[in-house]
Amino acid sequence: MKTAFEPSIRSRPVYGELEPRKGSAHLVLADGEGAGAVIDLLARAGSAAACALAHMHIIYMPGPDGVDHFAELQALGAAQCHRAPSFAAALPRLRRVLQDAHMGMQIYLAGTEGLMGQGQSEVMAAGLPHDAVQMEHRGPTLRRVQCVHCKGITENVATDPFECTHCGLNLFVRDHYSRRIAAFQGVNIDAEEPGNVPPPVVRFR
Amino acid sequence: MSGGAKIAVRVAAVTPVNELVSRFRFVRRDGGAMPAFSGGAHTVVEMDDAGTRRMNPYSLMSDPADTSGYEISVRRDDAGRGGSLFMHRQVKPGIEMVISNPVNLFALDLRAKKHLMIAGGIGITPFIAQMAQLSAMGGRFELHYACRSAALASYACDLSARHGGRVHLYVDDQGQAMDLPGLLAGQPLGTHLYICGPKPMIDWARGTAAHAGWPKAAVHHEEFLAPPVGAAFKVQLAASGKTVTVGTHQSLLEAIEAAGVDAPYLCRGGACGQCETGVVSCDGQLLHNDHWLSDAEKAAGGKIIPCVSRFAGARLVLDR
């Protein structure tokens with residue numbers, strides 16, 4: 200099942216449910232529990248699934264919680280199904296696929312926000328509009344947060360506030376999101392009164 | 077004053093291009109520079125046609141970097157309401173006219189890796205400016221231009237000379253047809269599609285792109301509608317306390333303006349939504365002709381786009 204999020208400000212991304220679309224090729228980027236969204240997508244495609252699979256390239260990596268459903272994805276029988284240990288390791292392949300692709304390719308992102316956001320950012324850099332990709336959230340709601348002060352990005356943030364892994368400031372996690380850098384904004388919470396930091400609460404799990 | 081800032085101009089040149097199309101060059105009466113614009117922008121040209129005020133949008137076709145003047149091309153439409161006939165018959169070099177500041181509803185998306193342009197007939201004009209803009213900045217583009225006959229292929233030779241192999245011409249009466257599905261299938265990821273031409277061509281190209289899986293936001297089109305003629309009707313303007321009659325060859329917006337009511341507008345072709353007006357009450361049928369309101373909004377009947385839409389029935393009251 201896709202993750203249900205609380206309504207928030209306009210800046211906060213919202214995610215849908217992957218639906219089969221006509222296309223000359225299909226690129227799937229997923230991590231962890233996102234595999235389930237891909238399996239459901241193909242189930243929804245019905246008789247069109249075989250044709251889509253013949254032109255499908257799946258790039259998959261385990262989720263931040265270690266969940267790994269690669270074997271189930273491999274069993275689908277897509278033209279290409281690649282397991283990467285991390286997004287960083289998958290990036291050269293993703294960029295090469297986008298560089299060689301033609302218009303008409305459908306792009307599906309599934310799994311955590313960090314993965315989908317970074318995938319969408321690469322797609323945008325390839326010249327496609329931001330809403331040309333489909334996204335379905337599955338798995339942990341851990342956040343990718345950029346410190347607005349040092350600009351360093353901390354992955355898999357669970358608590359609010361948290362300590363920036365780059366500069367050490369105590370950061371309040373906002374819903375304010377950047378599609379370009381695929382991260383939420385973290386703002387120093389004790390700037391006015393250094394040391395007055397509320398106890399961290401686990402908001403993202 | 078509605079419609080944005082105006083520019084007082086003089087007609088510097090009128091150049092026949094072929095049997096249907098003439099080009100007009102406008103320069104400022106005060107000798108100053110024209111405002112800069114971006115490829116795809118249009119200007120609204122005001123005409124005083126023996127007491128009838130006409131305001132027609134035309135795409136700017138001159139080089140956006142050239143601020144010494146603006147150029148438009150007008151295709152003569154003998155069956156139209158008279159704007160193009162006025163331009164062809166009455167507008168001579170030296171006369172003074174008023175045009176609007178440029179407005180762009182058909183801009184290039186400069187985030188695209190490549191720009192694929194599909195033009196039909198006089199729909200070539202915004203692309204002439206866009207190609208000049210892209211050439212200057214080293215942008216990647218390709219033009220596919222369909223026309224009825226070689227004689228009516230306005231600017232095809234100039235464009236081929238200027239842009240070489242990036243210009244592809246398809247002449248109907250020589251049996252040349254565009255293989256659009258093949259063309260779309262070969263485009264690199266990050267290509268944006270731009271279409272300008274007659275309505276059936278726009279519908280065909282958009283439909284073909286959607287079928288080929290192109291994302292909506294990568295497909296751009298521009299179509300100015302001429303206000304359709306229709307039966308005359310009366311309309312009450314609630315805010316200004318006036319009742320006006322819209323003539324057969326007049327648009328609702330023109331009738332409102334003729335009554336001395338300053339109504340907002342920009343494109344006057346059903347595309348921009350600027351003149352959107354609330355419907356206070358309606359006993360009859362709104363005849364929606366725009367492509368601004370959604371189908372749901374049109375069905376709900378709460379709004380009308382008076383530059384192109386009309387009414388048939390007993391009584392219409394607008395919030396204007």
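Chains as they are written, first to last, in the numbering used here: chain A, 200 to 404; chain B, 77 to 396. By construction, the Cβ of each residue, glycine as well, lies at the ideal position given by its N, Cα and C atoms.
- For the region 285 to 317 of chain A, the beta-carbon criterion of a distance under 7 Å to any beta-carbon of chain B is satisfied by L297, A300, H301, M302, G303, M304, Q305.
- The C-alpha of E216/A is placed about 14 Å away from the C-alpha of G338/A.
- Across the region 221 to 234 of chain A, CB contacts with chain B closer than 7 Å involve K221, G222, S223, in sequence order along the chain.
- Here R211/A has D374, Y376 as same chain residues with Cβ atoms under 6 Å from its own Cβ, once five neighbours each way along the sequence are excluded.
- The shortest C-alpha to C-alpha distance from H191/B to any of G159/B, G156/B, Q263/B is the one to Q263/B.
- Contact between the region 101 to 117 of chain B and the region 150 to 159 of chain B is absent, with fewer than three C-beta pairs closer than 8 Å.
- For a Cβ distance threshold of 8 Å, nothing in chain A lies close to G214/B: the least Cβ distance comes to about 15 Å.
- Taking the C-beta atoms as reference points, L341/A is found nearer than 8 Å to A357/A.
- Annotated as distal: L363/B and S327/B, with beta-carbon spacing of 8 Å or more.
- The region 230 to 249 of chain B makes no contact with the region 166 to 179 of chain B: fewer than 3 CB pairs, one atom from each, lie closer than 8 Å.
- By the Cβ neighbour-count rule, H220/B is buried, with 16 or more other Cβ atoms within 10 Å of its own.
- Taking the Cα positions, D338/B is about 11 Å away from A315/B.
- DSSP places M334/A in the strand class (E or B) of the three-state scheme.
- DSSP, read as helix, strand or coil, puts G354/B in strand.
- Around Y134/B, the same chain offers H118, T119, V121, I148, V150 as residues with beta carbons nearer than 7 Å, after the five sequence neighbours per side are excluded.
- For a cut-off of 8 Å, the C-beta gap from P111/B to A208/B is around 17 Å, too long to register as a contact.
- Each of R242/B, G170/B, T91/B was checked against the Cα of I194/B, and the nearest Cα belongs to R242/B.
- DSSP, read as helix, strand or coil, puts V296/A in helix.
- Pairing L329/B with C351/B gives a Cβ-Cβ distance under 8 Å.
- Listed along chain A are K221, each with a C-beta nearer than 9 Å to that of H287/B.
- Chain-order list of chain B residues neighbouring P328/A: P291, A293, A294, by C-beta distance under 7 Å.
- C-alpha of T364/A to C-alpha of C272/B: approximately 52 Å in a straight line.
- Here DSSP, grouped into helix, strand and coil, assigns R209/A to coil.
- Take the alpha-carbon of V311/B and the one of T324/B: they are about 14 Å apart.
- The three-state secondary structure of G197/B, taken from DSSP, is helix.
- Here the C-alpha atom of V179/B lies approximately 10 Å from the C-alpha atom of C348/B.
- Unbroken beta strand (DSSP E) stretches of 3 residues or longer found wholly inside the region 244 to 332 of chain B: 267 to 272, 295 to 298, 309 to 313, 318 to 322, given in chain order.
- Shown here, K189/B sits in coil according to DSSP, grouped into three states, outside any helix or strand.
- Rounded to the nearest whole angstrom, the CA to CA distance from Q317/A to A251/A is 24 Å.
- Residue pairing by DSSP leaves E232/A without any beta bridge partner.
- Judged by DSSP secondary structure, H375/A falls within the beta strand (DSSP E) whose first and last residues are 369 to 377.
- Taken atom to atom, the span from the alpha-carbon of A253/A to that of G276/A is near 8 Å.
- Annotated three-state conformation of A309/A is strand, per DSSP.
- Residue environment analysis places T91/B among the exposed positions, since fewer than 16 neighbouring C-beta atoms fall within 10 angstroms of its C-beta.
- For L235/B, the enclosing alpha helix (DSSP H) covers residues 232 to 239.
- Look at T267/B: its C-beta is under 8 Å from a C-beta on chain A.
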